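Residue numbers (the numbering used here): 17 to 174.
Below, the structure is given as structure tokens:
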């Protein structure tokens with residue numbers, strides 16, 4: 017049950033990200049795109065844990081917890097970049113740098129689609145001063161804590 021809930025909540029988070037991009041017209045930055053990968057992995061791990069025998073399901077849930085904590089780490093980095101506490105570790109977050117060369121060479125180095133700088137926060141809810149990266153941080157952290165508490169309770173019963 018917990019495995020399916022984690023998979024469903026991860027799918028909901030990923031669906032919201034895609035919905036804001038496709039229907040809301042928000043352009044994700046490179047860190048936003050990176051933060052989606054743990055949810056993809058969490059969906060697979062959650063579904064696998066849901067159908068696995070208990071002795072295999074528990075390690076899968078622990079891997080799912082590690083995956084969610086990785087998303088927390090990505091979100092912490094992203095929020096720090098938005099607050100300009102540090103620069104993004106991803107090269108794609110910076111504006112393209114053009115060097116000498118022909119126009120064809122310069123055009124070849126340009127990204128295929130417009131990129132959004134990682135240090136420009138995107139606010140989903142107008143009256144709430146928390147960026148989407150901040151919301152992702154809160155969501156992933158809450159889900160991680162709840163899953164961790166569930167796993168901890170399972171250890172106490174054993």
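Cβ coordinates follow ideal geometry from the N, Cα and C atoms, glycine included. The model shown is predicted, which means the values in this text are computed figures rather than measured ones.
Item                                                                                                                           : Value
Buried/exposed call for residue 103, threshold 16 Cβ in 10 Å                                                                   : exposed
Assigned secondary structure, residue 48 (DSSP; H/G/I helix, E/B strand, else coil)                                            : helix
Supposed close pair residue 65, residue 73 - CB separation, criterion 8 Å                                                      : 4 Å
Cβ distance (whole Å) where residue 95 is taken to contact residue 170 below 8 Å                                               : With a Cβ gap of about 31 Å, residue 95 and residue 170 do not count as contacting.
Contact the segment 131-142 vs the segment 74-84: 3+ CB pairs below 8 Å                                                        : no
Opening and closing residue of the alpha helix (DSSP H) in which residue 26 lies                                               : 18-38
Pairwise C-alpha distance: residue 120 and residue 166                                                                         : 56 Å
Residue range of the alpha helix (DSSP H) that includes residue 135                                                            : First-last for residue 135: undefined, no H or E at that position.
Beta-carbon proximity of residue 61 to residue 22, cut-off 9 Å                                                                 : yes
Cut-off 8 Å between Cβ atoms - residues of its own chain near residue 92, not counting five sequence neighbours on either side : 153
Exposure label - residue 29; buried when at least 16 CB within 10 Å                                                            : buried
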